[in-house]
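The sequence shown lines up with residues 4 to 275 when you count with the numbering used here.
Glycine included, every Cβ here is placed at the ideal spot set by N, Cα and C.
Since the structure is predicted, the reported quantities are computational estimates derived from the model, not experimental observations.
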Amino acid sequence: MEGLLTFLGTGTSMGVPTLGCDCEVCTSADPHDRRLRPSVLLRWNEVVPGGARERIVVIDTGPDFREQALRAGLTHVDAVFYTHAHADHIMGLDDLRPLSFLSFRESGPIPLYASAETTATLERVFDYTFSPDATYPNRARVELKPLAESNPVHDVEFVRVPIMHGHMKISGFRFGGVAYLTDVSSIPEASFALLEGLDHLVVSALRHKPHPTHATVEQAVGWARRIGARHTWFTHIAHELGHEKTNRALPTGMALAYDGLTLSVELSTANL
Ligand SMILES: [Zn+2]
Ligand SMILES: [Zn+2]
4 MEGLLTFLGT GTSMGVPTLG CDCEVCTSAD PHDRRLRPSV LLRWNEVVPG GARERIVVID
64 TGPDFREQAL RAGLTHVDAV FYTHAHADHI MGLDDLRPLS FLSFRESGPI PLYASAETTA
124 TLERVFDYTF SPDATYPNRA RVELKPLAES NPVHDVEFVR VPIMHGHMKI SGFRFGGVAY
184 LTDVSSIPEA SFALLEGLDH LVVSALRHKP HPTHATVEQA VGWARRIGAR HTWFTHIAHE
244 LGHEKTNRAL PTGMALAYDG LTLSVELSTA NL
């Protein structure tokens, strides 16, 4: 079964251009150098009696989610997966409201899959949505769901891939032949077993200079070589990396992703 994976944003937490910066990349005329906060969208058609239903899953809803959803023409969301609770990954949660109002009657609240740590932060930041005492009438119709090792959404399995973000253990995800690992600074040995036989690896690569909680391009290239996916795409990119110049120096089969890039992906593991 085929699906489409779209990069809604490929920038680091501050986005590119970065406010107040006049560097070469922040002032670049190349549209590939404009990066919203990191998120991806997966869509596929589920076969249902009498036809097919388009299913849509989003990974992270950062502060640019509204703009990204407009660009992608989103009219519904079947589920959201959260990698961790930093602002650049969660602050657009409230913009799920209009989509949740539309789908609530037919399919109930939109499920939001998050680890226990991420759930605790989401409940605190969005207490007017999640508190049992919440009375705000226009709160999002969403429901936090504990993240299991494998999480089915209709007919696609989303497998949690534990990764490290500095000292925080956060979640990457594998679905079919794709893995999405953002905000990673190291990959635990046990997680490499979940990354075998990949067609597309998406992994974060901040810049060349080391950072305490994010991989450099060089580290990310090292993991990409070991994992050996057919294609590797880098995301969560800071303004130190110009699109064209960085891509010219990358090994074959590896490239910086960019906002709007859409890949055709295999979602059933049987055909890999
Ligand atoms: Zn981030
Ligand atoms: Zn982060």
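When rounded, the separation of the alpha-carbon atoms in Ile59 and Val83 is 9 Å. By the C-beta density criterion, His89 is buried, having at least 16 other C-beta atoms within 10 angstroms. At a threshold of 6 Å, His239 does not count as near ligand 2, since its beta carbon sits no closer than that to any of the ligand's heavy atoms. Its Cα nearest to that of Arg37, the residue Cys29 stands out among Pro101, Gln222 and Cys29. Taking His170 as the centre and dropping the five residues before and after it, the same chain places no C-beta closer than 6 Å to its C-beta. Here the distance from the Cβ of Ser16 to the nearest heavy atom of ligand 1 is below 6 Å. Between Pro66 and Met94 the beta-carbon gap is near 4 Å, inside 8 Å, which marks them as a contact. When Leu102, Pro155, Pro140 and Arg142 are compared, the shortest CA-CA separation from Thr78 is found for Leu102.
Straight across, the Cα-Cα distance linking Asp98 with Gly12 is about 16 Å. Taking a C-beta distance under 7 Å as the contact criterion, Leu204 and Ala182 qualify as a contact pair.
Excluding five sequence positions before and after Gly263, none of the CB atoms of its chain fall closer than 6 Å to its own CB. Judged by the Cβ position, His89 qualifies as a neighbour of ligand 1 at the 6 Å threshold, a heavy atom of the ligand being closer than this.
Val128: not part of any beta strand (DSSP E); member of the alpha helix (DSSP H) spanning Ala119 to Val128, first to last residue. In the three-state DSSP reduction, Pro101 falls in the helix class (H, G or I). Comparing C-alpha distances from Thr86 to each of His168, Leu22, Asn48 and Gly14 shows the shortest one belongs to His168.
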